[in-house]
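So the sequences go chain by chain: A and B.
Here the UniProt record's numbering is used: the first residue of the first sequence is 1, the next is one more, and so on.
Here the UniProt record's numbering is used: the first residue of the second sequence is 1, the next is one more, and so on.
All remarks here apply to the structure that follows.
2 protein chains.
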Amino acid sequence: MTLRTLRNANAPTLKDLARIAGVSPITASRALHRPELVAEATRLRVAQAVEQSGYVPNSLAGGLTSRQTRLVAAIVPSVGHSLFSDMLDALIHTLAAQRYETTLGISSYDPEHEETWLAAMLSRRPDGIVLTGTEHTARTRRLLVNADVPVVELWDYQPHPLDMVVGFSQEDAGRAAFRHLAACGYRRPAILRADDSRAARRALGFTRAAAEAGAPVPAQIVFSEAIPQSGRGRDALNALRAQAPEADAVFCSSDALAQGVLSHAHALGLRMPEEFGVLGFGDQALALDAWPALSTVRVDGAAIGRLGAEALIARMAGGVAAAAQDVGFEVVGRGSTRGHQAAR
Amino acid sequence: MTLRTLRNANAPTLKDLARIAGVSPITASRALHRPELVAEATRLRVAQAVEQSGYVPNSLAGGLTSRQTRLVAAIVPSVGHSLFSDMLDALIHTLAAQRYETTLGISSYDPEHEETWLAAMLSRRPDGIVLTGTEHTARTRRLLVNADVPVVELWDYQPHPLDMVVGFSQEDAGRAAFRHLAACGYRRPAILRADDSRAARRALGFTRAAAEAGAPVPAQIVFSEAIPQSGRGRDALNALRAQAPEADAVFCSSDALAQGVLSHAHALGLRMPEEFGVLGFGDQALALDAWPALSTVRVDGAAIGRLGAEALIARMAGGVAAAAQDVGFEVVGRGSTRGHQAAR
DNA sequence: CTGTTAGCGCTTTCAC
DNA sequence: GTGAAAGCGCTAACAG
Numbered sequence: 001m002t003l004r005t006l007r008n009a010n011a012p013t014l015k016d017l018a019r020i021a022g023v024s025p026i027t028a029s030r031a032l033h034r035p036e037l038v039a040e041a042t043r044l045r046v047a048q049a050v051e052q053s054g055y056v057p058n059s060l061a062g063g064l065t066s067r068q069t070r071l072v073a074a075i076v077p078s079v080g081h082s083l084f085s086d087m088l089d090a091l092i093h094t095l096a097a098q099r100y101e102t103t104l105g106i107s108s109y110d111p112e113h114e115e116t117w118l119a120a121m122l123s124r125r126p127d128g129i130v131l132t133g134t135e136h137t138a139r140t141r142r143l144l145v146n147a148d149v150p151v152v153e154l155w156d157y158q159p160h161p162l163d164m165v166v167g168f169s170q171e172d173a174g175r176a177a178f179r180h181l182a183a184c185g186y187r188r189p190a191i192l193r194a195d196d197s198r199a200a201r202r203a204l205g206f207t208r209a210a211a212e213a214g215a216p217v218p219a220q221i222v223f224s225e226a227i228p229q230s231g232r233g234r235d236a237l238n239a240l241r242a243q244a245p246e247a248d249a250v251f252c253s254s255d256a257l258a259q260g261v262l263s264h265a266h267a268l269g270l271r272m273p274e275e276f277g278v279l280g281f282g283d284q285a286l287a288l289d290a291w292p293a294l295s296t297v298r299v300d301g302a303a304i305g306r307l308g309a310e311a312l313i314a315r316m317a318g319g320v321a322a323a324a325q326d327v328g329f330e331v332v333g334r335g336s337t338r339g340h341q342a343a344r
Numbered sequence: 001m002t003l004r005t006l007r008n009a010n011a012p013t014l015k016d017l018a019r020i021a022g023v024s025p026i027t028a029s030r031a032l033h034r035p036e037l038v039a040e041a042t043r044l045r046v047a048q049a050v051e052q053s054g055y056v057p058n059s060l061a062g063g064l065t066s067r068q069t070r071l072v073a074a075i076v077p078s079v080g081h082s083l084f085s086d087m088l089d090a091l092i093h094t095l096a097a098q099r100y101e102t103t104l105g106i107s108s109y110d111p112e113h114e115e116t117w118l119a120a121m122l123s124r125r126p127d128g129i130v131l132t133g134t135e136h137t138a139r140t141r142r143l144l145v146n147a148d149v150p151v152v153e154l155w156d157y158q159p160h161p162l163d164m165v166v167g168f169s170q171e172d173a174g175r176a177a178f179r180h181l182a183a184c185g186y187r188r189p190a191i192l193r194a195d196d197s198r199a200a201r202r203a204l205g206f207t208r209a210a211a212e213a214g215a216p217v218p219a220q221i222v223f224s225e226a227i228p229q230s231g232r233g234r235d236a237l238n239a240l241r242a243q244a245p246e247a248d249a250v251f252c253s254s255d256a257l258a259q260g261v262l263s264h265a266h267a268l269g270l271r272m273p274e275e276f277g278v279l280g281f282g283d284q285a286l287a288l289d290a291w292p293a294l295s296t297v298r299v300d301g302a303a304i305g306r307l308g309a310e311a312l313i314a315r316m317a318g319g320v321a322a323a324a325q326d327v328g329f330e331v332v333g334r335g336s337t338r339g340h341q342a343a344r
């Protein structure tokens, strides 16, 4: 099983490099990492020696001594969901620009997976940790506290983070969704959503806003998948019309689902938006061009990734960063509402 | 800038753990990693010591000695494209199941980025490397050869890989696309595609198949974005009808684009599939349920990721694996054609 | 089943 | 501007 040969056991080391350049190992190291401390001529001789020998530094050894790895460990629930992939893309790019590399875990929406992943990651001594969401196991929290490493929780805003947080309030987004539909004149909006805790919290906000407005309790259809695709639109709409025939609008837990519903509603001959309203959730910036009848609660995943990375970078460099950033959201299409935005 | 304090400088080490458990460090190490070599009672005492001290192993030190990191460095062009994210997801999961972790780079379709990323990654001494595509700079190739590390190139099949390859032939996919449209009775199919080298190779196959069939040279509209979204469908179709009014079918370089085109074609009142045919490319398994008029060249990104990971795992464990695996593709919708599949 | 010795490749610290 | 000594935390190799 683990019979690997000692591959490339005689790769050139810093010592070899130093010998070739005719300097001591430490001078070679400085020529590579802190060239301003070294004479130009020396630097050139070392650079030439690198070329000649094909030297590749060993950052395991470097990290062991310096206690810095320039590694950030990040975990997301899924890479297939465009919301998270935009966030991830921005995160990785922003970190890479400061020469931090990212190792990626996928939790599949399971805090136990996250815990297992974290335990494994911590042994690599990352300089920073990125988690998605704010639900973690007790051991996850304990490991993080003991490790004493900068942590940023992305996506869900909450006022009391583990360390730092960048995101928006799911409940507020749900409230805004209801108010948008109500303002558009719909009287019996329903909810069509995935079985995931964040969508559930949005549904809660939606339901509360309905109660506050004195509207009837919205019907709620829950799909068992975490990420229903657009192809599920037909089933979804059929289920809705069977279980809540009175509904005159629907808040879908993703843009893809909303597009699928809309497309099937067209096929059924429903007049939209007059007769039936469809509201999505996500960041597909272009969806509205293609389907003018659609509205959506738009979240800027890229901004969350970028701001999260920036906060982490500040802390990793020994600085301070805002502990909590609420980036808000926006309801777009046929009358827009902007979510709140604040930082503390 | 780099004034970080030596964070957590007194975290417990293996030595501490050993002292607490009343054994030597090497025995503690074995109790952790090779429990079968250690007496049950000893193992328990060490486990207890871990609990008591909050010990977290340091795999930098471990890797330095053992020359094994259980780290795989992978790079993809983009995480936002569903094809790559499916592949990535399968890759990461398959590796994680064997206790390999993945660090992720994003090339943005640029071989120079890939080179820079690789140079940085190699210093972490990964056990394996995953690249997307087969276009690499000369230095990338040289670094890889010198590093003497298992490499798998995903996505594009080619018979002579750097080390191992798992993918399909873009040109064959393009050929199959043409033949499918021709078999459906379309006489003047056109191409609507992104400006990326793989889409270009599919277009080449498409054009060659047309030539072989004695059909006129297909019109080709190239978008400047690498990943046109469905919202671009309207512009795309308008451009097509302006520049190639004779076209009676179109091969789109992504499913999202195809959906957008289809949706707008509906709006224009085109009768489909009789009057106008739309063929996509991708893996959105559900697209066809929602849009029965659509066909697509379907690629199984998840299979590529899984098979690639399996090949790499075999090599990392010191075994052998097929050097080249062509996983093929499938044309689905209104008469299906299956792409080839082979392994060597 | 357990321990001793040595050293992985690098950077810190202190000296010149 | 450069170097010598020491050690980061762990595991391979060998011995018992």
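Quick reminder that beta carbons are idealized off the backbone N, C-alpha and C, glycines included.
Query, Result
"Interface flag, residue 353/A vs chain B, CB-CB below 8 Å", "With chain A running from 1 to 344 in the structure shown, residue 353/A is simply not present."
"Reference P273/A; option with closest CA among L257/A, E246/A, Y186/A", "Y186/A"
"Cutoff 6 Å; reference G105/A; Cβ partners in own chain excluding five residues on either side", "I75, W117"
"Inter-residue Cα distance where the pair is G80/B and G128/B", "24 Å"
"Interface flag, G54/A vs chain B, CB-CB below 8 Å", "yes"
"Classification of D283/A by the beta-carbon crowding that lies within 10 angstroms, buried from 16 upward", "buried"
"Beta-carbon proximity of R234/B to F223/B, cut-off 8 Å", "no"
"Interfacial residues, the region 100 to 114 of chain A to chain B, with Cβ spacing under 7 Å", "E101, T102, T103, L104, I106"
"Beta strand (DSSP E) runs contained entirely in the region 106 to 157 of chain A, provided each spans 3 or more residues", "128 to 132, 151 to 156"
"Coil, strand or helix - M272/B by DSSP", "coil"
"Within chain B, the residues that S59/A reaches when beta carbons sit closer than 7 Å", "S123, R124"
"Proximity test, Cβ basis, 8 Å: L64/B and chain A", "yes"
"Test: L270/A CB closer than 8 Å to a CB of chain B", "no"
"Own chain partners of G333/B with C-beta closer than 7 Å, once the 5 adjacent residues on each side are dropped", "L288, L294, S295, T296"
"Coil, strand or helix - L286/A by DSSP", "Residue placement at L286/A cannot be trusted, given a pLDDT of 49 that sits under 50; the coordinates are not used to answer."
"Positions along the region 320 to 332 of chain B whose CB lies within less than 7 Å of some CB in chain A", "none"
"Beta-carbon proximity check, R202/B vs A239/B, cutoff 8 Å", "no"
"Pair within 8 Å by beta-carbon distance, G280/B and C184/B", "no"
"Short CB-CB distance (under 8 Å) between L154/A and chain B", "no"
"Assigned exposure category for A309/A - 16 Cβ within 10 Å defines buried", "buried"
"Start and end residues, alpha helix (DSSP H) containing L162/B", "Element bounds for L162/B: n/a, residue is neither H nor E."
"Spatial distance of T103/B from M121/B (CA atoms)", "9 Å"
"Sheet register partners of Q68/B (DSSP bridge)", "Answer is none; Q68/B lacks a bridge partner."
"Same chain, Cβ closer than 6 Å to A314/A, neighbours up to 5 away in sequence not counted", "A321"
"Chain B residues whose Cβ lies nearer than 7 Å to that of L88/A", "V79"
"CA-to-CA distance, L192/B to A73/A, given in whole angstroms", "39 Å"
"Exposure of H136/A, with buried meaning 16 or more beta-carbon neighbours within 10 Å", "buried"
"Member of A18/A, L88/A, A147/A, Q52/A whose CA lies at the smallest distance from the CA of Y55/B", "A147/A"
"Cβ of N146/A within 8 Å of any chain B Cβ", "yes"
"Any chain B beta carbon closer than 8 Å to I92/A", "yes"
"Own chain, CB closer than 6 Å to R45/A, minus 5 neighbours either side, in chain order", "A21"
"Per DSSP, cross-strand counterpart(s) of S295/A", "L279/A"
"Same chain, Cβ closer than 7 Å to R43/A, neighbours up to 5 away in sequence not counted", "A31, P35"
"Contacts of S82/B in chain A (Cβ-Cβ under 7 Å)", "G80"
"Of the residues A182/B, R241/B, D196/B, the one placed nearest E212/B, counting alpha carbons only", "A182/B"
"Within chain A, the residues that S85/B reaches when beta carbons sit closer than 8 Å", "V79, G80, S85"
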